[in-house]
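Visitor: Going by our numbering, 121 is the number at position 128 of the sequence shown; the sequence numbering is gapless.
Even for Gly, the Cβ is constructed at its ideal location relative to N, Cα and C.
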Amino acid sequence: MAETEQSLAARAQSLTDEVARLDGMIAESVADGEGQSELVGKMRLKRRRLLDEHSDLDKALAVLKRRRADEAEKAREQNRQEALVRMRAQADEFLEASSAVDAALEALEDAHNRLHLASLDLSRSARMAGESDGGRLANIIGPAMRWAAWHGAPGASKDMQVPRTPGHRRSTLRKSLENVIPAVAKR
């Protein structure tokens, strides 16, 4: 049966106590003038044996502590490797998500260009029909885009540092622009 640190420490303490008891007995015998007797020689021999055994227990205790430390280090390394695998998978997901945002921003730019051209065509048609909007359509696109950004994508708006918009102003782009189209075009 394998020893535990506690059992080795208990045995080492027991040996320490026994060595101390023997030291006391040897000291008393020497004080009584029996320092060269056979009994004192046997006690000294037993003490040396106990000290050797104590040294062996100390070394065994060090081995157990090293094994425990090695196991802990192995567990930390395994956790680190698992975390690296998760990190790589999450990095791939992060990059895929960033590619999706890039594609959405490109699509947004294309849609914005279509919107801008359509607003120019609408303004020109309104002028030709005698229904000039006084530039309202051209001037509202920027704020309406900001309102729509905060309405449809508040997290992205915050990250892109789009100026804040009051809650009552946040609406879809279509709803914001419907209010400025000349009345004649709505019929």
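1. Where do the ends of the alpha helix (DSSP H) carrying M121 lie?
2. If contacts are defined as beta-carbon pairs under 8 Å, then A131 and S112 qualify, I think. What distance do you get, rounded to the angstrom?
3. Under a three-way DSSP split, which group does A(-5) fall into?
4. Which residue comes first and which comes last in the alpha helix (DSSP H) that contains D152?
5. Report the residue from E99, W140 and A53 whose alpha carbon sits nearest the alpha carbon of T165.
6. Would you give the residue range spanned by the alpha helix (DSSP H) that R186 belongs to?
7. Going by other Cβ atoms of all chains shown within 10 Å of its Cβ, with 16 needed for buried, is L1 buried or exposed?
Guide: The answer reads as follows:
1. Position 128 of the sequence shown, counted from the start, is the residue given in the question as residue 121. Here the alpha helix (DSSP H) through M121 covers E31 to M121.
2. As a first step, residue 131 is located in the sequence shown; it is residue number 138 there, counting from the start. As a first step, residue 112 is located in the sequence shown; it is residue number 119 there, counting from the start. Correct: roughly 6 Å between the Cβ atoms.
3. Residue numbering aside, residue -5 sits at position 2 when the sequence shown is read from its first letter. Correct three-state label for A(-5): coil.
4. The sequence position of residue 152 within the sequence shown is 159, counting from 1. Element bounds for D152: P147 to D152.
5. Stepping through the sequence shown from its first residue, residue 165 is reached at position 172. Nearest C-alpha to T165: W140.
6. No information on residue 186 is available, as it lies outside the stretch -6 to 180 that the chain covers here.
7. Stepping through the sequence shown from its first residue, residue 1 is reached at position 8. L1 should be labelled buried.
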